[in-house]
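So the sequence shown is numbered by the numbering used here: it starts at 741 and just counts up by one.
Below is one structure; the comments refer to it alone.
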Amino acid sequence: MKIMVTGTAGFIGNQLALKLLERGDEVIGIDNLNDYYDVNLKQARLDRINNHPNFTDIRANIADRETIEQLFKQYQPQRVVNLAAQAGVRYSIENPHAYIESNMLGFLNILEGCRHNNVEHLVYASSSSVYGANESMPFSVHDNVDHPVSLYAASKKSNELMAHTYSHLYNIPTTGLRFFTVYGPWGRPDMSPILFAKAIIEGQKLKVFNYGKHRRDFTYIDDIVEGVIRALDNVAKSNTEWSGEAPDSATSKAPFRVYNIGNQTPVELLDYIETIEKHIGKTAEKELLPLQPGDVVDTYADVQDLVQDVGYKPNTSIDEGIKHFVAWYKDYYKV
């Protein structure tokens, strides 16, 4: 297939593009290489796929309406995976405008591109952050998610609402994936695994928020990408049993689906850090700090719908995943 992937210099987008190319798809990759974090890392990711004959590398911002319109018309993708976004919960408190521009205006441009170019299926990144103030565990896509606690979360919830509108009005199949905490080789340097590994290796004091009592549904990158591809291949369909009298937020009479994509096995942060310490071979001094604004205490995914509909089955243990991550970290950062 010809697949447009936005965010191909990003952590998940790059690994997804690599796997799609390996199975024989043509990938139209879009990224603006912004400097939210180290551009050299983004470029190094792109270097893994840039020489592939079926990969087209395009430098563009999804918030640029005219450019996105032109790219859809020029390349006519059959399917689209939108992973480009302004990421990060804490940064959304410091720089809210970046989230509206990329995550909402940019997503609107993607939806319009799909609408006007007969795209067969749009898969897009949502986030576990949408669960916000919810405390019932595990988080279910059938739960109400009207209480976000960060603008990042609000922007991702908005994406789901926008997607449903386009599915309803224009019959565009859309699938939203609520990513839980993704880790592994080539990860983002603003996320905990690299921050922890760097601090441990360099002998810095490790800042551990919520006194290490966070639980996160850490999911290895390869398991995540496998789930994204399965979702992409499984075009969203209408739920013929959907009723407006008892509305289900994860499905619709329109061709619309929302899934959790996680590991379904939450791990306490201190245990996660201990696993990183084990594979690095060094123990860190820890500074235990209170919960940060915008953070949630626990994330725990109910992924049963994704298992049932596409056969999703994460199978990488935390120990194995961290082992691969630490090996990559030492190689990439020349430790």
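Virtual Cβ for every residue (Gly too), placed ideally from N, Cα, C.
If you're wondering where the values come from, they're calculated on a predicted model, not measured in any experiment.
Practice task
Just the C-alpha distance for residue 928 and residue 867, rounded to the nearest angstrom, thanks.
Solution key: 16 Å
Exercise for the section: Return the first residue and the last residue of the alpha helix (DSSP H) that residue 1043 is part of. Expected result: No alpha helix (DSSP H) contains residue 1043, which DSSP labels as neither H nor E.
Problem - For residue 970 and residue 1050, believed in contact at Cβ under 8 Å, the rounded distance - result: 4 Å
Handout entry: Contacting residues, own chain, Cβ-Cβ under 8 Å from residue 948 (five flanking each side not counted)
Key = 1009, 1010, 1013, 1026, 1027, 1028, 1029
Practice task
For the segment 1037-1047 and the segment 992-1004, state whether three or more C-beta atom pairs, one from each stretch, are separated by less than 8 Å.
Solution key: yes
Handout entry: DSSP state of residue 965 mapped onto helix, strand, coil
Key = helix
Problem - Alpha carbon of residue 936 to alpha carbon of residue 950, nearest angstrom - result: 15 Å
Exercise for the section: Would you check if there are 3 or more beta carbon pairs closer than 8 Å linking the segment 883-902 to the segment 778-785? Expected result: no
Exercise for the section: Throw me the rounded Cβ distance for the residue 857 and residue 803 pair, which I believe falls under 8 Å. Expected result: The Cβ separation is near 18 Å, so there is no contact.
Problem - Beta-carbon proximity check, residue 1062 vs residue 752, cutoff 8 Å - result: no
Handout entry: Beta-ladder partner(s) of residue 1000, from DSSP
Key = 918
Practice task
Enumerate in chain order the residues of its own chain whose CB-to-CB distance from residue 988 is below 8 Å, with the five nearest sequence positions on each side excluded.
Solution key: 882, 979, 982
Problem - Within 8 Å, strictly: CB atoms of residue 739 and residue 823 - result: Residue numbering for the chain in the displayed model covers 741 to 1075; residue 739 lies beyond these limits and cannot be assessed.
Exercise for the section: Could you tell me the distance, in whole angstroms, from the CA atom of residue 860 to the CA atom of residue 819? Expected result: 5 Å
Handout entry: Residues sharing a beta bridge with residue 867, DSSP
Key = 919
Problem - DSSP bridge partner residues for residue 822 (one or two, in chain order) - result: 746, 864
Handout entry: Buried/exposed call for residue 837, threshold 16 Cβ in 10 Å
Key = exposed
Practice task
Below 6 Å CB to CB, which residues in the same chain sit around residue 749 once its five sequence neighbours on both sides are set aside?
Solution key: 771, 773, 782, 785, 786
Handout entry: Start-to-end residues for the beta strand (DSSP E) that takes in residue 1026
Key = 1026-1029
Handout entry: Whole-angstrom C-beta distance between residue 839 and residue 891, which should lie under 8 Å
Key = 5 Å
Handout entry: Identified DSSP bridge partners for residue 799
Key = 771
Exercise for the section: Could you check the C-alpha separation between residue 761 and residue 985 for me, to the nearest Å? Expected result: 44 Å
Handout entry: Residues sharing a beta bridge with residue 960, DSSP
Key = 923
Handout entry: Backbone CA spacing between residue 1053 and residue 940 [nearest angstrom]
Key = 32 Å
Exercise for the section: Could you check which residue in 843, 814, 815 has the C-alpha nearest to that of residue 825? Expected result: 843
Exercise for the section: May I ask which residues mark the beginning and end of the beta strand (DSSP E) holding residue 847? Expected result: Per DSSP, residue 847 belongs to no beta strand (DSSP E); it is in the alpha helix (DSSP H), 846-856.
Practice task
To the nearest angstrom, report how far apart residue 790 and residue 913 are at their CA atoms.
Solution key: 30 Å
Exercise for the section: Find the nearest neighbour of residue 889 within the set 821, 871, 1072, 1065, judged by alpha-carbon distance. Expected result: 871
Problem - residue 920 versus residue 814 - alpha carbon distance - result: 34 Å
Practice task
Output the distance between the C-alpha atoms of residue 1057 and residue 959, rounded to the nearest integer angstrom.
Solution key: 9 Å
Handout entry: Nearest candidate by alpha-carbon position, reference residue 1031, set 1016, 1072, 952
Key = 952
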